[in-house]
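Report on the structure given below.
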Amino acid sequence: MSFFKYIADKKYLVLFYIVHISFISLVILFDRNNRLLDSNILYIIIVSAILFLLYILTDYLSKKRYNDSLKNLVNLPKRNWIINIPNGSGYEQNLTKEFLIKLYKETSESIEESNNRNIENIEFITSWVHQIKTPIAVSKLLLEKNKKNSDREFIESIYEEIDKIEENVQKILYFSQLNNFANDYIIEDVSIEDILRECIKKYSRYFISKKIKISLEDLNLVVKSDKKWLTFIISQIISNSLKYTKTGGEIKVTTVKLENESVLKIKDDGIGIKKEDLPRVFKKSFTGFNGRQINNSSGIGLYLSYKLSKKIGHLLSIISTLKEGTEVSIHFPDSSKYLNIAKM
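In structure tokens, the structure reads:
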């Protein structure tokens, strides 16, 4: 920091001093009762100017050291400069340092959060691409081998593969909307029975091909929810039940009304889940022992269902016993609980 730049910053102080000392000098000079000699007046002005210059010089050296220390931070690694900001000589400088440190921390957290979201998106897209390639390849292979074959079994096989593609495409579309959820939801009265019948119709081929029985009980339930999002959540749960239930198995769906909530329960008699895997079934990309066994799981369906459930004010829970089956429950709180959903 040059002395001239410092003086430029202090121009109002210098101007104030000149006006102040000029005023005092003129008062003394034109005072008729003044008994001071001209030499004494000059002496006062010179001493005052010297003291002022000493103050300016001392303040300049202090500011110069501080500013030079700041300039030296430019050569430090990017991550270290903030912790090496020197302490100031006054309240203003220390307040500025405190502000910069706080701003740096908040910005770092925001960047880290953004990077984590980007990494999560990249991981999901990579996983999705691998998932989508398999049914496409199988569909092409079936078409190539059966160009002249029009039997029902062949057609159903093609439909099943196309359904898989459609489901995976739907997953990535819903995943992409997670961060902008507030722009695309409507809480209204939704019939659980209507949604379930729609989901069962969607997976009718799987029920038929695997000879899985579906049992529906006490579905006369209307809840506050978003129909589109809730349909996706229930579809993913039923899809998982079908995936892990052996041929000839059964899926039972029922509702329970409690004091502060209503619960939709979807229970299968499939292969169940290992005890150590249960706490992580709603984690992103977690497939667990079962997912690795069937080699057809991305670990995204339940993760999306769990995230979306929280956003529309529901709660997902799961209980399971290995080789006996799994029960997934969607908890719908009282209508009054939905007043705060729009604030998320």
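Per the working numbering, the very first residue in the sequence shown carries number 4; after that it's consecutive. Beta carbons: idealized from backbone N, C-alpha and C, even for Gly.
Residue span of the alpha helix (DSSP H) that contains residue i, given as start and end
i	result
residue 233	230–247
residue 13	Where residue 13 is concerned, there is no enclosing alpha helix (DSSP H), given that its DSSP letter is neither H nor E.
residue 307	304–314
Beta bridge counterpart(s) of residue i as assigned by DSSP
i	result
residue 319	333
residue 264	336
residue 269	256, 331
residue 163	BP columns for residue 163 are empty, so no partner.
residue 226	193
Residue i in three-state terms, based on DSSP
i	result
residue 99	helix
residue 274	coil
residue 191	strand
residue 284	coil
residue 279	coil
residue 1	In the structure as shown, the chain starts at 4 and stops at 347, and residue 1 therefore has no counterpart that could be examined.
residue 54	helix
residue 325	coil
residue 219	strand
residue 206	coil
residue 84	coil
residue 70	helix
residue 61	helix
residue 142	helix
residue 43	helix
residue 5	coil
residue 137	helix
residue 250	coil
Contact test: residue i Cβ vs the ligand SAH heavy atom, cutoff 7 Å
i	result
residue 18	What this structure holds is no ligand at all, so the ligand SAH is not there to describe.
Alpha carbon of residue i to alpha carbon of residue j, nearest angstrom
i	j	result
residue 255	residue 102	59 Å
residue 235	residue 73	55 Å
residue 322	residue 114	37 Å
residue 327	residue 229	32 Å
residue 214	residue 117	46 Å
residue 30	residue 52	17 Å
residue 245	residue 275	12 Å
residue 311	residue 281	19 Å
residue 192	residue 161	37 Å
residue 145	residue 159	11 Å
residue 43	residue 49	10 Å
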